[in-house]
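In terms of the working numbering, the numbers along the sequence shown are unbroken and rise by one, the last being 794.
Heads up, the beta-carbon is just placed ideally off N, CA and C, and yes, glycines get one too.
Here the structure is a predicted model, which is why all the values come from computation and not from measurement.
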Amino acid sequence: MPHRRNGHSHHRNVNGKTTPATVASFLFEYLHARGVRHAFGIPGDFALPTFKYLEASPIELITTTHEPMAGFAADGYARINGLGLACVTYCVGGLNMVNSIAGAYAEKSPVIVVSGGPSATERQADPLLHHKVKTFDTQRRIYEEVTCATTILLDPEQAADEIVRVVEAVIAQRRPGYIEVPYDIVDKPISPPRLRKLEPTATDHESLAGCIAETTEMINRAKQPVILAGIELHRCKLTDRVLRMAEKFNIPIAATMLSKSVVRENHPLYIGVYGGALSDAGCRDYVDESDCVIMLGTFITDMFLGINTARLTRPRSILCTTERTRVGLHHYEGVGFESFLRGLGKADVTPRGALSNPNPAKVPKPLGRKERQDKLSSDDVFRIVGLHLDEKSVVVCDTGDALLGAIGLRTAKRQEFIADAYYLSMGFAVPASIGVMAADPKKRVFTIVGDGAFQMTGMELSTVVREGMSPIVIILNNDGYGTQRFILDGKFNEIQGWDYTKVCEVIRGGQATVVETKGQLDGALTQALSSDELSLIEVRLPRDSCSPALRALGEELSRRRSAGVPDKPKTTRRQQPARHAESV
Numbered sequence: 211m212p213h214r215r216n217g218h219s220h221h222r223n224v225n226g227k228t229t230p231a232t233v234a235s236f237l238f239e240y241l242h243a244r245g246v247r248h249a250f251g252i253p254g255d256f257a258l259p260t261f262k263y264l265e266a267s268p269i270e271l272i273t274t275t276h277e278p279m280a281g282f283a284a285d286g287y288a289r290i291n292g293l294g295l296a297c298v299t300y301c302v303g304g305l306n307m308v309n310s311i312a313g314a315y316a317e318k319s320p321v322i323v324v325s326g327g328p329s330a331t332e333r334q335a336d337p338l339l340h341h342k343v344k345t346f347d348t349q350r351r352i353y354e355e356v357t358c359a360t361t362i363l364l365d366p367e368q369a370a371d372e373i374v375r376v377v378e379a380v381i382a383q384r385r386p387g388y389i390e391v392p393y394d395i396v397d398k399p400i401s402p403p404r405l406r407k408l409e410p411t412a413t414d415h416e417s418l419a420g421c422i423a424e425t426t427e428m429i430n431r432a433k434q435p436v437i438l439a440g441i442e443l444h445r446c447k448l449t450d451r452v453l454r455m456a457e458k459f460n461i462p463i464a465a466t467m468l469s470k471s472v473v474r475e476n477h478p479l480y481i482g483v484y485g486g487a488l489s490d491a492g493c494r495d496y497v498d499e500s501d502c503v504i505m506l507g508t509f510i511t512d513m514f515l516g517i518n519t520a521r522l523t524r525p526r527s528i529l530c531t532t533e534r535t536r537v538g539l540h541h542y543e544g545v546g547f548e549s550f551l552r553g554l555g556k557a558d559v560t561p562r563g564a565l566s567n568p569n570p571a572k573v574p575k576p577l578g579r580k581e582r583q584d585k586l587s588s589d590d591v592f593r594i595v596g597l598h599l600d601e602k603s604v605v606v607c608d609t610g611d612a613l614l615g616a617i618g619l620r621t622a623k624r625q626e627f628i629a630d631a632y633y634l635s636m637g638f639a640v641p642a643s644i645g646v647m648a649a650d651p652k653k654r655v656f657t658i659v660g661d662g663a664f665q666m667t668g669m670e671l672s673t674v675v676r677e678g679m680s681p682i683v684i685i686l687n688n689d690g691y692g693t694q695r696f697i698l699d700g701k702f703n704e705i706q707g708w709d710y711t712k713v714c715e716v717i718r719g720g721q722a723t724v725v726e727t728k729g730q731l732d733g734a735l736t737q738a739l740s741s742d743e744l745s746l747i748e749v750r751l752p753r754d755s756c757s758p759a760l761r762a763l764g765e766e767l768s769r770r771r772s773a774g775v776p777d778k779p780k781t782t783r784r785q786q787p788a789r790h791a792e793s794v
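Shown next, in the form of structure tokens:
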């Protein structure tokens, strides 16, 4: 951290001499002190001075090919590291990245956005400056909708306080924040910050005591309690506390799609991923029939509820998150998330008897010799991938069957499954994998993505090659937007077919192969794991092949989305369009 001297912040340069800290040097030194080791972004003229300071800082910059990819990569990095950083230029860069940051906001992933910006003088003159949209404040106001704190550093005297305020808000709320740096302020001397780390909201101890008492009574009265471990346990680093509590009380644990692998998935108390009709039968029945569902850090989303096919009711549920606490129909104000978990862990809860796990982890069945020539289905892909996962593996899944098909995969260690399982933005997985690999280079990443999503962001593998990374990228090629086909089919779900194995030639790196049988996929994964470079595996699947979870999701959404949609009009001979030759 920079230190104070003569009223200004200072830092030591490479020669050991003390020099005044500037706005930009303080910004990146503060972010580094708070745990950021990598940044993702694309430069532009308004941001070039800021990027020059970033390059001189201890933070390593990974330049991506497009701003949305920088946002997804910073999101993936934040989910592993605890804080991410994306750097862009004004409007043409920043507005390009809004969707990625919106996903991070929706799923509580703490990403700092640093954007270059016009100078104070230009803002006062109000010219028609390039990249400007409506007003000079347009970009910041748009980011207000997808961040928890924003600032424009126009005053060097206030800059340090503003940087600390935004960064600490992001860390406290686990949601993105926005810092705009005018290009002419980066090298201005900065005054030391007066603001320090945000104080946590005080707990109302009387309310907490009543809440714990009612919770304890409800759990002790229950015959079949279950814990739903949500993603906030990971975001707040409270997973170990809940796992110890579950072991102490012998209460089984389920996860949601968003929090899959928040606890290791071969733990004897773990019963699988719950998502209403999207769940495995054993997990679904146990949770639906529970008379006490303890939801800890869980987002109540339509995906968590299996598109409202879940049978959870408020009277038989307990909910505690960073934002609210409810026991049955009673709401408790002033009860902090960590305080609740600490209190519940010490409560007089009667331990359950021996548990017969309704959905225990199963050892994947090895391929038999006779089936190696069988054509692949979606279910086969995930079964075979499961045979190759170990404690060094991380699975990063995109939206669609890449996500839903992976529900049954069991990881040996926690937080080894990454997906945007609530916001569901196609194209997340490939760039997010870059962030995951930067955050933990020792992990071997399996990136699972559909052909439609790959066409959106797959060329970011160019960055993978440049950075010397070695993910195993599995493209599920079912010839179009397969997820939508099960909801409402039409020509709008068709895409141009690619020769995906040629991608490695285009980006000048990696190895690629096409597989259609079980044995081919098994062999390709074995080969990929022995390689230290990018491996791209195109899995060709029948158009109608999908996981049971995707089929259930599609059927439910089809019922909702198809209501009132007109059938395609039948064409008569008179109505048929003329051939090209006849219309000339």
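Exposed unless 16 or more other CB atoms sit within 10 angstroms - verdict on residue i
i: Pro253; result: buried
i: His415; result: exposed
i: Pro259; result: buried
i: His541; result: exposed
i: Ser741; result: exposed
i: Arg445; result: buried
i: Tyr466; result: What sits at residue 466 in the sequence shown is Thr, not Tyr. So Thr466 counts as buried.
i: Ser235; result: buried
i: Phe702; result: exposed
i: Glu372; result: buried
Residue i Cβ short of 7 angstroms to the ligand NAP heavy atom set
i: Ala330; result: The model on display carries no ligand, and the ligand NAP is accordingly not part of it.
Contacts around residue i, its chain only, beta-carbon distance under 7 angstroms, and the 5 residues preceding and following it disregarded
i: Ser755; result: Ser587, Ser588, Asn688
i: Glu626; result: Ser471, Ser603, Val604, Val605
i: Phe459; result: Val559, Pro561, Arg562
i: Leu264; result: Phe238, Ala249, Leu271, Cys297
i: Ala648; result: His248, Ile272, Tyr287
i: Arg789; result: Because the pLDDT at Arg789 is just 34, under 50, the model does not fix this residue reliably, and the value given afterwards should be weighed accordingly. Correct list: empty, nothing qualifies.
i: Glu198; result: For residue 198 there is no data in the structure shown, the boundaries of the chain being 211 and 794.
i: Thr673; result: Ile272, Thr274, Thr275, Ile644
i: Phe346; result: Pro328, Arg333
Integer Cβ distance of residue i from residue j, believed to fall under 8 angstroms
i: Gly538; j: Gly516; result: Going by Cβ atoms, the distance from Gly538 to Gly516 rounds to 22 angstroms, so no, they are not a contact pair.
i: Ile441; j: Gly387; result: Going by Cβ atoms, the distance from Ile441 to Gly387 rounds to 19 angstroms, so no, they are not a contact pair.
i: Leu551; j: Leu448; result: 6 angstroms
i: Ile269; j: Leu293; result: Rounded, the Cβ-Cβ distance is 11 angstroms, inconsistent with contact.
i: Ile362; j: Gly327; result: 7 angstroms
i: Met636; j: Met669; result: Wrong, their Cβ atoms sit about 15 angstroms apart, outside the cutoff.
i: Glu317; j: Asp630; result: 6 angstroms
i: Ala571; j: Glu457; result: Contact doesn't hold; Cβ gap of about 16 angstroms is too wide.
i: Val545; j: Cys421; result: 5 angstroms
i: Ile311; j: Val356; result: 5 angstroms
Secondary structure of residue i, DSSP reduced to three states
i: Tyr287; result: helix
i: Glu390; result: strand
i: Thr727; result: strand
i: Lys447; result: coil
i: Ala631; result: coil
i: Ile429; result: helix
i: Tyr710; result: helix
i: Ile461; result: coil
i: Thr673; result: helix
i: Cys502; result: strand
i: Leu744; result: coil
i: Gly544; result: coil
Closest by C-alpha distance to residue i, when choosing among the options
i: Asn430; options: Thr357, Ala359, Ile504; result: Ile504
i: Val233; options: Lys262, Asp255, Val246; result: Lys262
i: Gln349; options: Ile322, Gln383, Glu390; result: Glu390
i: Gly610; options: Arg620, Ala639, Asp590; result: Ala639
i: Ser325; options: Pro392, Ile422, Gly637; result: Pro392
i: Leu339; options: Val302, Gly645, Ile373; result: Val302
i: Phe664; options: Pro758, Leu634, Trp708; result: Trp708
i: Thr425; options: Leu565, Ala557, Tyr633; result: Ala557
i: Asn309; options: Val716, Lys653, Met279; result: Met279
i: Arg770; options: Phe509, Ala491, Leu698; result: Leu698
i: Glu726; options: Ala734, Val749, Leu739; result: Val749
Own chain, CB closer than 6 angstroms to residue i, minus 5 neighbours either side, in chain order
i: Leu597; result: Pro574
i: Arg753; result: Asn688, Asp689
i: Cys493; result: Ala464, Ile481, Gly482, Tyr484, Asn569
i: Asp498; result: Arg521
i: Gln706; result: none
i: Leu384; result: First, the residue type needs correcting, since residue 384 is Arg and not Leu in the sequence shown. Cβ within range, chain order: Lys318, Pro320, Arg445.
Own chain, CB closer than 8 angstroms to residue i, minus 5 neighbours either side, in chain order
i: Leu746; result: Leu671, Val683, Ile685, Tyr710, Thr711, Val713, Cys714, Gly720, Gln721, Ala722, Thr723
i: Val436; result: Ile461, Pro462, Ile463, Ala464, Ile481, Tyr496, Val497, Ser500, Cys502, Val503, Ile504
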